[in-house]
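There are 2 protein chains.
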Amino acid sequence: MRETLLPFFKNATFIRMMIFGASELQDLVNKVLAGNRRAIAQAISLVENQPDRCADFIKYIFHATGNAFIVGITGPPGSGKSTLINNLAIEFRKYHKKVGIIAVDPTSPFSGGALLGDRIRMDDVQTDSGVFIRSMGSRGSLGGLSRATMDAIRVLDASGYDIILVETVGAGQSEVEIVKTAHCCCVLGIPGTGDAVQAIKAGIMEIADIYVVNKADRPGAQEIVNELKLLLSIDPSVKEEEHWNIPVISTSNKDKTGITELTETILRFNEHLKTNKVFSHERELTRRKNEILEILKVEFFENILDNLMNKQKWEEILNGIITKKTDPYSAAKSIIDPFLK
Amino acid sequence: MRETLLPFFKNATFIRMMIFGASELQDLVNKVLAGNRRAIAQAISLVENQPDRCADFIKYIFHATGNAFIVGITGPPGSGKSTLINNLAIEFRKYHKKVGIIAVDPTSPFSGGALLGDRIRMDDVQTDSGVFIRSMGSRGSLGGLSRATMDAIRVLDASGYDIILVETVGAGQSEVEIVKTAHCCCVLGIPGTGDAVQAIKAGIMEIADIYVVNKADRPGAQEIVNELKLLLSIDPSVKEEEHWNIPVISTSNKDKTGITELTETILRFNEHLKTNKVFSHERELTRRKNEILEILKVEFFENILDNLMNKQKWEEILNGIITKKTDPYSAAKSIIDPFLK
Chain A
2 MRETLLPFFK NATFIRMMIF GASELQDLVN KVLAGNRRAI AQAISLVENQ
52 PDRCADFIKY IFHATGNAFI VGITGPPGSG KSTLINNLAI EFRKYHKKVG
102 IIAVDPTSPF SGGALLGDRI RMDDVQTDSG VFIRSMGSRG SLGGLSRATM
152 DAIRVLDASG YDIILVETVG AGQSEVEIVK TAHCCCVLGI PGTGDAVQAI
202 KAGIMEIADI YVVNKADRPG AQEIVNELKL LLSIDPSVKE EEHWNIPVIS
252 TSNKDKTGIT ELTETILRFN EHLKTNKVFS HERELTRRKN EILEILKVEF
302 FENILDNLMN KQKWEEILNG IITKKTDPYS AAKSIIDPFL K
Chain B
2 MRETLLPFFK NATFIRMMIF GASELQDLVN KVLAGNRRAI AQAISLVENQ
52 PDRCADFIKY IFHATGNAFI VGITGPPGSG KSTLINNLAI EFRKYHKKVG
102 IIAVDPTSPF SGGALLGDRI RMDDVQTDSG VFIRSMGSRG SLGGLSRATM
152 DAIRVLDASG YDIILVETVG AGQSEVEIVK TAHCCCVLGI PGTGDAVQAI
202 KAGIMEIADI YVVNKADRPG AQEIVNELKL LLSIDPSVKE EEHWNIPVIS
252 TSNKDKTGIT ELTETILRFN EHLKTNKVFS HERELTRRKN EILEILKVEF
302 FENILDNLMN KQKWEEILNG IITKKTDPYS AAKSIIDPFL K
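Chains as they are written, first to last, in this note's numbering: chain A, 2 to 342; chain B, 2 to 342.
Here you go:
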């Protein structure tokens with residue numbers, strides 16, 4: 002089973018995995034910069050499936066990036082992220098913003114059905130040419146999901162999308178890494194599930210810029226809002242962050258309440274970043290550092306190991322561990338030591 | 002908010018984070034090898050919270066590892082993993098096996114409530130001294146969850162636990178890495194959710210040794226079993242894997258059906274590994290390689306970067322990116338190039 006069933010299901014991916022020559026690459030760059038939707042889709046496939054070509058491609062478009070406002074929307078499965086993002090996209094369209102949506106959550110309806118055709122249509126936004134929706138298949142990019150997602154965001158940014166909404170499931174380290182590269186992070190919880198507590202446990206809450214209690218039409222919504230506000234009020238760091246009090250906003254996709262308030266709050270946070278240079282510069286440095294670390298982890302680290310280690314060396318080391326002549330930590334040290342000299 | 006609210010909630014972790022001296026470390030090693038439950042709990046806290054001491058500790062206990070059979074149980078939130086694991090533990094106890102349980106899923110009842118006292122009691126097994134349950138807090142070990150979980154497994158292994166059940170949520174790369182270090186991987190799906198399809202999408206299915214359709218008392222269970230069997234029957238790799246046909250087992254925690262069959266199947270897979278040396282050796286090499294890669298990624302890579310890069314160098318590079326003088330890929334390359342000479 003391992004490895005071998007997968008290609009069978011990967012046909013759709015294979016078809017998208019065209020090999021680009023140098024001139025085709027330049028052509029793709031031009032089309033992406035011009036906002037061509039088909040080219041954008043191709044470019045995202047490229048950064049997802051051809052990590053070796055990706056660095057070249059990103060170099061060409063990088064000068065055009067940095068204009069989009071990247072908003073991470075994270076919360077557990079079933080917290081209504083996709084519907085909320087759908088509604089947010091509609092709101093941002095009222096401001097004449099071009100909206101990109103990237104879904105990293107494999108349980109998201111944006112990505113969920115694409116494989117076997119049972120996609121839930123987000124009709125409200127999917128027919129709008131000012132909205133581009135893309136799901137990141139965690140299959141194709143396993144081992145480099147964060148890096149691929151960051152590059153997909155860059156593609157949309159370079160193509161002229163003003164707001165990029167990134168949906169992640171909020172569990173798993175890669176997902177946390179992705180959220181860290183957003184300018185603004187909205188953490189979702191829903192009433193009656195102990196999400197607030199879970200978010201703290203999962204290390205998610207400390208990345209929140211805006212807390213959203215979604216499905217606020219359900220009983221217990223006000224209690225969770227109060228609980229969160231209490232938690233936030235005892236936070237001694239608010240002053241350091243130049244007076245951004247993390248808001249707690251109730252939203253309901255059912256009643257369509259709170260969506261406008263959330264949209265305005267996201268835009269207000271954008272203004273806050275623009276007017277508080279020290280705060281936003283520190284964040285920008287952190288964001289950029291995380292990006293580089295992701296690239297280093299995925300691309301170069303594995304390349305270095307490939308150069309340094311061949312099959313025979315691996316077998317020697319691994320057999321040493323299996324026969325208990327060494328332990329994994331000493332083995333790891335012996336691999337990396339040559340670099341430290 | 003960032004970073005600063007966290008210590009407030011981390012008190013419980015802080016208390017456990019005692020600093021061990023050399024003699025205390027040896028004392029802890031001895032007690033862990035003797036199966037002392039309190040020492041096991043301390044040791045897992047150590048590998049979780051003190052990565053710098055962890056390598057030393059693992060070296061001391063490593064000779065005693067390699068006897069446990071590690072079973073990964075992975076599936077989406079709400080698929081009934083915890084209850085199934087509870088029931089499996091009871092079954093394994095009938096074989097007089099000592100059972101360790103490690104929950105990596107932050108939504109697991111094993112870990113879920115521990116923070117604010119609303120822990121759902123797994124009474125059936127939590128009062129049994131032959132069962133040790135531990136949840137891995139993704140807070141404390143963010144950045145090294147896979148590595149910490151692998152080491153927690155080693156602690157239980159060295160302490161004489163025969164079967165170690167590892168619960169993961171089956172989403173997120175770290176979780177997939179964790180599952181890869183199990184000897185046997187059970188992938189859970191439930192009827193009516195399109196899990197089978199999701200599992201394929203999420204890259205989970207290719208790691209399955211046993212497929213479990215849980216909540217089989219629900220309508221549609223037989224259909225999903227049939228669908229999975231069909232998918233598995235077209236898999237051309239079965240022969241290569243020395244005749245392990247991936248079984249599809251229906252289980253129900255409600256009706257308590259299928260639990261015995263699943264237990265027997267897990268033990269049968271263990272026998273299969275023992276009798277098929279080539280197959281199991283290949284898998285063992287892969288497992289061990291993954292372990293080393295995790296250690297390299299987390300420990301050494303970050304240490305190397307710390308040595309190489311100071312705050313000023315980072316700022317130079319990051320400002321270069323912010324001002325578009327360079328791009329993230331070129332910047333990453335400039336960091337790593339000195340190593341390649």
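The beta carbon of each residue, even a glycine, is placed where N, CA and C say it ideally should be.
{"Item": "Report yes or no: is there a C-beta of chain B within less than 8 angstroms of the C-beta of D158/A?", "Value": "no"}
{"Item": "Which residues, in chain order, does the segment 276-298 of chain A contribute to contact with chain B at a C-beta distance below 7 angstroms?", "Value": "E285, L286, R289, K290, E292, I293, I296, L297 and K298"}
{"Item": "What's the gap between the Cα of K312/B and the Cα of I318/B?", "Value": "10 angstroms"}
{"Item": "Just to confirm the assignment, what range does the alpha helix (DSSP H) spanning L297/B have?", "Value": "Careful: L297/B lies outside any alpha helix (DSSP H) and carries neither H nor E."}
{"Item": "In terms of residues, what are the limits of the alpha helix (DSSP H) holding I86/B?", "Value": "K82 to K95"}
{"Item": "My output table needs one value for T261/B: the three-state DSSP class, helix, strand or coil.", "Value": "helix"}
{"Item": "I'd like to know whether the C-beta of S130/A is nearer than 8 angstroms to at least one C-beta of chain B.", "Value": "no"}
{"Item": "State buried or exposed for L117/A, treating a residue as buried only when at least 16 other CB atoms are found within 10 Å of its CB.", "Value": "Note on L117/A: pLDDT 29, under 50, position unreliable in the model; the coordinate value appears next. Answer is exposed; the Cβ neighbour count stays below 16."}
{"Item": "Tell me where the beta strand (DSSP E) around S136/B begins and ends.", "Value": "V132 to S136"}
{"Item": "What are the residues of the segment 326-337 of chain B that lie near chain A, defined by any Cβ-Cβ distance shorter than 8 angstroms?", "Value": "D328, P329, Y330, S331, A332, A333, K334, I336 and I337"}
{"Item": "If we ignore side chains and look at the alpha-carbon of each, how far apart do G36/A and K298/B end up?", "Value": "37 angstroms"}
{"Item": "How big is the Cα-Cα spacing for S253/B and T75/B?", "Value": "16 angstroms"}
{"Item": "For chain A, check one thing: does any of its Cβ atoms lie closer than 8 angstroms to the Cβ of H273/B?", "Value": "no"}
{"Item": "Pick out whichever of L229/A, L47/A, L146/A and C186/A has its Cα sitting closest to the Cα of V249/A.", "Value": "L229/A"}
{"Item": "Take R344/A as the anchor and find which of R284/B, I323/B and F270/B has the nearest alpha-carbon.", "Value": "Any answer about residue 344/A is impossible in this case: the structure gives chain A only from 2 up to 342."}
{"Item": "Which class does S251/A belong to by DSSP, given the choice of helix, strand or coil?", "Value": "strand"}
{"Item": "Cβ closer than 8 angstroms: which chain A residues qualify as neighbours of F63/B?", "Value": "K325, D328 and P329"}
{"Item": "At a CB-CB cut-off below 8 angstroms, which residues of chain A make contact with K60/B?", "Value": "D328, Y330 and S331"}
{"Item": "Going by the DSSP bridge assignment, what does L166/B pair with across the sheet?", "Value": "V72/B and I102/B"}
{"Item": "Within a Cβ cutoff of 6 angstroms, which residues of the same chain sit near K32/B, ignoring the five residues on either side of it in sequence?", "Value": "A40"}
{"Item": "Taking the C-alpha atoms as reference points, what is the distance between N308/B and V188/A?", "Value": "35 angstroms"}
{"Item": "Do we get a CB-CB distance below 8 angstroms when we pair A44/A with the residues of chain B?", "Value": "no"}
{"Item": "Do the segment 58-72 of chain B and the segment 319-338 of chain A meet, that is, are 3 or more Cβ pairs less than 8 angstroms apart?", "Value": "yes"}
{"Item": "In angstroms, rounded to a whole number, what distance separates the CA positions of E265/A and E292/A?", "Value": "28 angstroms"}
{"Item": "Closer than 8 angstroms, CB to CB, is E316/B near chain A or not?", "Value": "yes"}
{"Item": "Can the beta-carbon of D158/A be found less than 8 angstroms from the beta-carbon of C55/A?", "Value": "no"}
{"Item": "Tell me which same chain residues have a C-beta within less than 6 angstroms of the C-beta of S281/A, skipping the five on either side of it?", "Value": "L274"}
{"Item": "Whose Cβ in chain A lies nearer than 7 angstroms to the Cβ of A56/B?", "Value": "Y330"}
{"Item": "So which residues on chain A does I322/B lean against when the C-beta distance must stay under 7 angstroms?", "Value": "R289"}
{"Item": "Helix, strand or coil: how does DSSP classify G36/A here?", "Value": "coil"}
{"Item": "Around the Cβ of V279/A, are there at least 16 other Cβ atoms within 10 angstroms (buried) or fewer (exposed)?", "Value": "exposed"}
{"Item": "Rounded C-beta distance between I71/B and A183/B? I'm assuming under 8 angstroms.", "Value": "5 angstroms"}
{"Item": "So, at 6 angstroms on beta carbons, what are the nonlocal neighbours of I103/A in its own chain, with the 5 sequence-adjacent residues on each side left out?", "Value": "R135, A153 and V167"}
{"Item": "Does L319/B come within less than 8 angstroms of chain A when only Cβ atoms are used?", "Value": "yes"}
{"Item": "Put I191/B into one of helix, strand or coil per three-state DSSP.", "Value": "coil"}
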